[in-house]
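Just below is one structure, and these are the notes that go with it.
Numbering (this note's numbering), first residue to last: 22 to 323.
Encoded structure:
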């Protein structure tokens with residue numbers, strides 16, 4: 022009897038030690054994750070504070086509403102702001118329907134097999150391809166072969182191809198997160214496959230799809246290499262009148278001011294000011310997309 026009690030006591034002691042070890046391990050990794058998040062947050066604050074400190078003195082009404090002049094050493098960046106907005110939203114308009122349609126096919130219709138695995142592998146690889154490769158692809162296909170020239174249309178198509186894998190991946194994950202019971206209940210009530218996807222699955226996955234769209238929009242707004250061969254120019258005196266005109270864009274404008282300008286030191290404040298405007302513009306576009314997502318979510322809940 023005493024031996025059994027001793028054995029049980031030892032087992033309880035070993036069990037408590039294992040539980041204590043697991044809790045300590047969990048606490049260690051949680052604190053490690055918190056530290057990583059804190060480091061990222063601090064780095065972001067330092068970068069934004071640095072740009073804000075050096076760029077804020079350059080932000081004036083003239084800077085935001087006028088064209089550059091005097092070899093980019095004076096004037097404003099209004100054409101760059103307009104060009105960035107056009108290219109970003111144009112890329113989203115092109116990529117979002119194709120990305121969502123592809124995600125719906127892969128998640129709802131396609132059967133598992135080698136071809137589908139290869140397609141998913143290709144999408145994942147495309148998401149990691151450097152943007153300069155997309156820029157050269159756009160130069161070859163849209164600018165040269167299709168004869169679009171350096172234009173808004175060529176840049177929009179190139180940026181659309183750039184953010185397409187991101188939207189496909191986010192949309193497919195959003196569709197995959199919808200419980201199968203939603204589909205089974207809809208089909209059990211007599212709805213067709215298409216009606217189930219359109220009326221039940223897609224609305225439930227909409228927040229995740231819009232999240233992917235927001236990420237794609239932010240990436241398109243900040244790209245330089247993808248548009249320097251296809252859409253952006255050093256300077257143009259007029260705003261674009263059609264989709265075959267070239268535009269100025271904030272990322273390319275920063276690149277030009279920092280590397281290829283005739284008066285680089287004189288344009289240093291403009292570089293920081295333009296960077297600050299780009300950050301604010303991306304933040305504003307993201308907030309607008311988040312607001313639209315919230316409105317749609319409220320409407321769906323009603």
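In this text, a Cβ means the ideal position worked out from N, Cα and C, and glycines have one as well.
8 Å Cβ cutoff met for residue i and residue j
| i | j | result |
| --- | --- | --- |
| residue 120 | residue 189 | yes |
| residue 245 | residue 98 | no |
| residue 105 | residue 260 | no |
| residue 160 | residue 250 | yes |
| residue 141 | residue 184 | no |
| residue 205 | residue 124 | no |
| residue 242 | residue 109 | yes |
| residue 73 | residue 297 | yes |
| residue 148 | residue 118 | no |
| residue 128 | residue 197 | yes |
Inter-residue spacing [alpha-carbon to alpha-carbon] between residue i and residue j
| i | j | result |
| --- | --- | --- |
| residue 267 | residue 100 | 11 Å |
| residue 80 | residue 274 | 16 Å |
| residue 304 | residue 211 | 44 Å |
| residue 126 | residue 134 | 14 Å |
| residue 48 | residue 62 | 21 Å |
| residue 40 | residue 227 | 41 Å |
| residue 67 | residue 84 | 25 Å |
| residue 151 | residue 255 | 23 Å |
| residue 319 | residue 221 | 16 Å |
| residue 70 | residue 43 | 40 Å |
| residue 102 | residue 174 | 17 Å |
| residue 139 | residue 91 | 53 Å |
| residue 286 | residue 269 | 21 Å |
| residue 162 | residue 50 | 48 Å |
| residue 5 | residue 45 | Residue 5 falls outside the range modelled here, since the chain spans only 22 to 323, and no answer is possible. |
| residue 82 | residue 165 | 39 Å |
| residue 262 | residue 111 | 15 Å |
Bounding residues of the alpha helix (DSSP H) (the contiguous stretch that carries residue i)
| i | result |
| --- | --- |
| residue 227 | 223-243 |
| residue 16 | What the structure shows of the chain is the stretch from 22 to 323, and residue 16 is not part of that stretch, so it cannot be assessed. |
| residue 159 | 152-159 |
| residue 207 | 201-209 |
| residue 177 | 173-197 |
| residue 168 | Note, residue 168: premise wrong, no alpha helix (DSSP H); not H, not E. |
| residue 147 | 135-148 |
| residue 273 | 271-276 |
| residue 84 | 82-86 |
| residue 248 | 246-249 |
| residue 255 | Here residue 255 belongs to no alpha helix (DSSP H), and DSSP marks it neither H nor E. |
Same chain only: Cβ atoms within 7 Å of residue i, ignoring 5 sequence neighbours per side
| i | result |
| --- | --- |
| residue 172 | 252, 264, 265, 266, 267 |
| residue 292 | 275, 278, 279 |
| residue 169 | 163, 175, 265 |
Own chain partners of residue i with C-beta closer than 8 Å, once the 5 adjacent residues on each side are dropped
| i | result |
| --- | --- |
| residue 307 | 235, 238, 239 |
| residue 59 | none |
| residue 88 | 96, 97, 99, 100, 258 |
| residue 316 | none |
Residues near residue i by beta carbon distance below 6 Å, same chain, minus five either side
| i | result |
| --- | --- |
| residue 299 | 271 |
| residue 229 | 195 |
| residue 131 | 137 |
Worksheet item: Counting Cβ pairs, one atom from each stretch, are 3 or more of them under 8 Å apart for the stretch 216-235 and the stretch 303-319?
Response: yes
Worksheet item: Do the stretch 178-195 and the stretch 150-169 make contact, defined as three or more Cβ pairs closer than 8 Å?
Response: yes
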